[in-house]
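This report concerns only the one structure given below.
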Amino acid sequence: MDPAALLPVPDAIPVPWGWFHALLLLTFLVHILLMNTMVGSAFIALVSSCRRGSTATPCSEFVSRILPFLIAFTVNFGVAPLLFVQVLYGHLLSTSSILMAVYWLAVIGLLISAYTLAYLFQNPANTLGLGGVVVLLLIVSLFAAIAFVFVNNIGMMQNISSWSRYFAQPKGLLLNLEDPMQLPRYLHFLTSSVAVGGLAIAGYFHWQRKRGDWGGMDWIRIGCRWFSFSTMVNVLIGLWFLFTLPQGILSPATLDGRLLAATLAGGLVLSLPAIRAGLSGRVVPAIWWILATVILMVVARDLLRRALLAPWFNPSQLRVEPSFAPLVLFLVILVLGMGLIGWMALFTLRGRTKNGTQS
1 MDPAALLPVP DAIPVPWGWF HALLLLTFLV HILLMNTMVG SAFIALVSSC
51 RRGSTATPCS EFVSRILPFL IAFTVNFGVA PLLFVQVLYG HLLSTSSILM
101 AVYWLAVIGL LISAYTLAYL FQNPANTLGL GGVVVLLLIV SLFAAIAFVF
151 VNNIGMMQNI SSWSRYFAQP KGLLLNLEDP MQLPRYLHFL TSSVAVGGLA
201 IAGYFHWQRK RGDWGGMDWI RIGCRWFSFS TMVNVLIGLW FLFTLPQGIL
251 SPATLDGRLL AATLAGGLVL SLPAIRAGLS GRVVPAIWWI LATVILMVVA
301 RDLLRRALLA PWFNPSQLRV EPSFAPLVLF LVILVLGMGL IGWMALFTLR
351 GRTKNGTQS
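So for the sequence shown, our numbering puts the first residue at 1; every next one is plus one.
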């Protein structure tokens, strides 16, 4: 069967696709940084708890306080990029979600379970002993399972030639496991989460030290080491991923191919000073270097998606039925919402800092 015959007809959009594309990149950048921090910090706290046994570490105490908020922010900031993907690639994402519907719908239960366990782990009594380790292990396992489902869905959305497998297994249980890009893509996400999580931990205790709290000094160095060594591993995984790309994707004959090669090379180059800054314990420079690297990786991810979908679809093909009012209303609400969320985050952080100081 010709896979092109399986493509649904996309809906019209109210404004030119470039608006949604820019908003997708911006909101996804915020979401991926929060998501990496959430997953990576929980994993590092788990390893720390296993090593220290029944003794709570500054890292596990910090993660226990912040994890429920990280989950909430990650989920809320994930809604916008998911909606923009739906606008631009909705006919593709909806199809891939149906092909793996059982796993896709299970994400809701997995996420609710992780959120519930995060509040259980927030109880100071549960940061100690075997019970706390078990709860944190369950949280990390649920995060890994959710990431696995998302990576499969996005991969299947871009692997249209695999959709015909539905006719042999029409039960909503398809996964994208036959795609050679699948495993390195998933490992790349997990490893980058550990790197960003380690840097977030180092950044927090660096900020605490500047406020005069020297209790977590060791975790500046430990967090930076997690960041640097995870980034080194991720470079290797990234090279593995490059070798799994379909032939011609990085071709200099196409503009997208040249841009993709340039952004990937730029990300690799920028990761080197980030690693060096982490190894020397310079937290702030490491944050700036890795932020620039992540920005390039977000752009590269988008270019790769467009290159993989080029034989089938390009968002520039979407029909436009002009109506700018909804976009203007969305942008106004977005600015107001971001301001409100920023105020709530500062208010919560100040309250928890004050409580920690009083205790």
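C-beta: ideal position from N, C-alpha, C; glycine also.
| query | Roughly how many angstroms lie between the CA atoms of residue 250 and residue 120, to the nearest whole one? | reply | Stepping through the sequence shown from its first residue, residue 250 is reached at position 250. Stepping through the sequence shown from its first residue, residue 120 is reached at position 120. About 47 angstroms.
| message | I need the straight-line Cα distance from residue 27 to residue 82, nearest angstrom please. | response | Along the sequence shown, read from residue 1 onward, the residue named residue 27 stands at position 27. Along the sequence shown, read from residue 1 onward, the residue named residue 82 stands at position 82. When rounded, the distance between both Cα atoms is 9 angstroms.
| query | How is the alpha helix (DSSP H) around residue 159 delimited, first residue to last? | reply | For the purposes of this step, residue 159 is taken as the residue at position 159 of the sequence shown. If you look at residue 159, you'll find it isn't in any alpha helix (DSSP H); DSSP assigns it neither H nor E.
| field | residue 15, DSSP secondary structure in three states | value | Residue mapping note: residue 15 aligns to position 15 of the sequence shown, counting from 1. DSSP places residue 15 in coil when its eight states are reduced to three.
| task | Less than 8 angstroms between the CB atoms is what I'm expecting for residue 306 and residue 256, so what's the real figure, rounded? | result | Along the sequence shown, read from residue 1 onward, the residue named residue 306 stands at position 306. Along the sequence shown, read from residue 1 onward, the residue named residue 256 stands at position 256. Going by Cβ atoms, the distance from residue 306 to residue 256 rounds to 6 angstroms, so yes, they are a contact pair.
| field | Beta-bridge partners of residue 9, as assigned by DSSP | value | Along the sequence shown, one-based indexing puts residue 9 at 9. Checking the DSSP bridge columns, you'll see residue 9 has no partner listed.
| field | Extent of the continuous alpha helix (DSSP H) to which residue 256 belongs | value | Position 256 of the sequence shown holds residue 256. According to the DSSP assignment, residue 256 belongs to the alpha helix (DSSP H) that extends over 255-279.
| Span separating the alpha-carbon of residue 262 from that of residue 304 | Taking the sequence shown and counting its residues from 1, the one referred to as residue 262 is at position 262. Taking the sequence shown and counting its residues from 1, the one referred to as residue 304 is at position 304. The alpha-carbon atoms of residue 262 and residue 304 are separated by roughly 12 angstroms.
| message | Looking at residue 41: is its Cβ nearer than 8 angstroms to the Cβ of residue 63? | response | The count along the sequence shown starts at 1 and reaches residue 41 at position 41. The count along the sequence shown starts at 1 and reaches residue 63 at position 63. Against a cut-off of 8 angstroms, the Cβ pair of residue 63 and residue 41 comes out as a contact.
| said: The alpha helix (DSSP H) that contains residue 293, what's its start and end? | reply: Your numbering for residue 293 matches position 293 in the sequence shown. Residues 283-309.
| message | Please classify residue 152 as buried or exposed, where buried requires at least 16 neighbouring CB atoms within 10 angstroms. | response | Counted from its first residue, the sequence shown places residue 152 at position 152. Answer is buried; the Cβ neighbour count reaches 16.
| query | Measuring CA to CA, which of 166, 242 and 208 is closest to residue 362? | reply | Lying outside 1 to 359, the shown extent of the chain, residue 362 is not represented and no answer is given.
| Distance between beta carbons of residue 237 and residue 184, contact taken as under 8 angstroms | Taking the sequence shown and counting its residues from 1, the one referred to as residue 184 is at position 184. Taking the sequence shown and counting its residues from 1, the one referred to as residue 237 is at position 237. Residue 184 to residue 237, Cβ: 6 angstroms. Contact.
| message | Is there a Cβ of chain B sitting closer than 8 angstroms to that of residue 287, yes or no? | response | The chain inventory of the structure shown lacks chain B, comprising one protein chain alone.
| request: Measure how close the beta-carbons of residue 283 and residue 206 come, nearest whole angstrom, since I'm counting them as under 8 angstroms. | output: For the purposes of this step, residue 283 is taken as the residue at position 283 of the sequence shown. For the purposes of this step, residue 206 is taken as the residue at position 206 of the sequence shown. Confirmed, about 4 angstroms.
| Near residue 359, what residues of its chain come up, given a Cβ to Cβ distance below 7 angstroms and the 5 sequence neighbours on each side ignored? | Stepping through the sequence shown from its first residue, residue 359 is reached at position 359. Only weak support exists for where residue 359 lies, its pLDDT of 43 falling under 50; the value from the coordinates is given anyway. Counting only Cβ-Cβ distances below 7 angstroms, and skipping sequence neighbours, we find nothing.
| query | What is the rounded straight-line gap between the Cα of residue 252 and the Cα of residue 245? | reply | Start at 1 with the first residue of the sequence shown, and residue 252 comes out as number 252. Start at 1 with the first residue of the sequence shown, and residue 245 comes out as number 245. One Cα belongs to residue 252, the other to residue 245, and the distance between them is close to 15 angstroms.
| query | Counting Cβ pairs, one atom from each stretch, are 3 or more of them under 8 angstroms apart for the region 134-146 and the region 160-172? | reply | No: the two stretches stay apart, fewer than three of their Cβ pairs being nearer than 8 angstroms.
| Smallest Cα separation from residue 47: which of 204, 35, 60 and 15? | The sequence position of residue 47 within the sequence shown is 47, counting from 1. The shortest Cα separation from residue 47 among 204, 35, 60 and 15 belongs to 60.
| task | Please go through the same chain and pick out, in chain order, the residues whose beta-carbon is closer than 6 angstroms to the beta-carbon of residue 350, but skip the five residues on each side of it. | result | The sequence position of residue 350 within the sequence shown is 350, counting from 1. Excluding sequence positions up to five before and after residue 350, its CB lies less than 6 angstroms from no other CB in the same chain.
| query | Taking the C-alpha atoms as reference points, what is the distance between residue 295 and residue 29? | reply | Residue numbering aside, residue 295 sits at position 295 when the sequence shown is read from its first letter. Residue numbering aside, residue 29 sits at position 29 when the sequence shown is read from its first letter. C-alpha of residue 295 to C-alpha of residue 29: approximately 7 angstroms in a straight line.
| Separation of residue 93 from residue 154, as counted between CA atoms | Taking the first residue of the sequence shown as position 1, residue 154 is located at position 154. Taking the first residue of the sequence shown as position 1, residue 93 is located at position 93. For residue 154 and residue 93, the distance between alpha carbons rounds to 7 angstroms.
| query | Would you report the Cα separation of residue 293 and residue 266, rounded to the nearest angstrom? | reply | To locate residue 293, count along the sequence shown from 1; it is residue 293. To locate residue 266, count along the sequence shown from 1; it is residue 266. If you take the alpha carbons of residue 293 and residue 266, they lie about 8 angstroms apart.
| Same chain only: Cβ atoms within 6 angstroms of residue 103, ignoring 5 sequence neighbours per side | As a working mapping, residue 103 is identified with position 103 in the sequence shown. For residue 103, where only same-chain residues beyond five positions count, the Cβ hits under 6 angstroms are 149.
| query | With a Cβ-Cβ cutoff of 8 angstroms, do residue 216 and residue 37 count as a contact? | reply | By 1-based counting over the sequence shown, the position of residue 216 is 216. By 1-based counting over the sequence shown, the position of residue 37 is 37. No.
| What number of angstroms, rounded off, separates the C-alpha of residue 51 from the C-alpha of residue 90? | As a position in the sequence shown, residue 51 is number 51, starting the count at 1. As a position in the sequence shown, residue 90 is number 90, starting the count at 1. For residue 51 and residue 90, the distance between alpha carbons rounds to 45 angstroms.
| said: Can you tell me whether residue 343 is helix, strand or coil according to DSSP? | reply: The residue given as residue 343 occupies position 343 in the sequence shown. Helix.
| request: Since I believe residue 73 is in contact with residue 34 (beta carbons under 8 angstroms), could you give me their beta-carbon distance rounded to a whole number of angstroms? | output: Working through the sequence shown from its first residue, we reach residue 34 at position 34. Working through the sequence shown from its first residue, we reach residue 73 at position 73. Contact annotation, residue 34 with residue 73: C-beta distance approximately 5 angstroms; criterion of less than 8 angstroms satisfied.
| When DSSP builds the beta bridges, which residues end up paired with residue 320? | The residue you call residue 320 lines up with position 320 of the sequence shown. According to DSSP, which records beta bridges pairwise, residue 320 is partnered with 13.
| said: With a threshold of 7 angstroms on Cβ separation, who are the neighbours of residue 204 within its own chain once the five nearest residues in sequence on each side are excluded? | reply: Start at 1 with the first residue of the sequence shown, and residue 204 comes out as number 204. A distance below 7 angstroms between beta-carbons, with the five flanking residues on each side excluded, links residue 204 to the following residues of its chain, in chain order: 62.
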